[in-house]
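Take the sequence shown: its letter number 85 is residue 94 in the working numbering, and every next letter is one higher. Below: the structure, in structure tokens.
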Amino acid sequence: MQGNVFQKGTLLIPTGGSQHLHIVMNDPLHCPVHGHVVVLLVNISTVYPERYSDQTCILAPGSHPFILNDSWIVYRQAVVSRVSGIEDGILARTIHPRLPISSPDFDRVRQGFDASQDVPIKIKRFLRTYGL
């Protein structure tokens with residue numbers, strides 16, 4: 010039986026005073042560097058013309074039920090997170106699992122990690138180390 014934290018899964022997580030949809034980029038894996046079972050998360054944010062947005066990967070309204078406007082992938086805020094912390098947040102009802110992202114959109118988001126200039130070096134290293 011699959012849990013709430015899995016590759017292509019999405020989670021609604023409080024970020025910066027509001028809820029943002031995050032994509033789980035890998036199935037949980039043990040990371041000796043972090044000493045825990047972890048996943049890579051990247052969040053999605055609405056495109057506002059007057060604000061910066063990385064144009065590497067834009068998701069259109071309707072590409073996921075939560076996405077109502079053109080939305081960008083915030084590669085610069087990608088983070089490796091402990092699965093236990095995510096599961097604790099789900100139990101506490103501060104993190105809310107949502108429907109998975111489609112395979113084509115997931116693939117576009119993943120390709121963006123290779124193309125975006127905003128991806129932190131430590132995230133590029135994580136992707137390379139684990140063959141993601």
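Every residue, glycine too, gets a C-beta built ideally from N, C-alpha and C.
List the whole-angstrom C-beta distance separating residue i from residue j, where the pair is believed to meet the contact cut-off of C-beta under 8 angstroms.
i	j	result
K17	I76	Going by Cβ atoms, the distance from K17 to I76 rounds to 15 angstroms, so no, they are not a contact pair.
I82	V118	5 angstroms
Just the Cα atoms here: how many angstroms apart are residue i and residue j?
i	j	result
M10	I53	Confidence at M10 is low in this model, with a pLDDT of 37, below 50, so the placement of that residue should be treated as unreliable; the coordinate-derived value is given next. Cα-Cα distance, rounded: 27 angstroms.
A124	C66	9 angstroms
S90	L49	6 angstroms
D114	G94	26 angstroms
Y57	Q126	20 angstroms
G26	Y139	32 angstroms
L141	E59	33 angstroms
I132	N78	27 angstroms
Could you check which residue in the options has the C-alpha nearest to that of residue i?
i	options	result
N13	K131, I130, G140 and R102	R102
I22	T138, L141 and P106	P106
H31	F15, H45, H43 and C40	F15
H39	V92, P70 and V51	V92
V33	Q64, T19 and P74	T19
V51	G98, P74, E96 and T24	T24
Inspect the beta-carbon positions of residue i and residue j and report whether they are closer than 8 angstroms.
i	j	result
A87	V47	no
S72	T55	no
F122	Y84	yes
P70	L108	no
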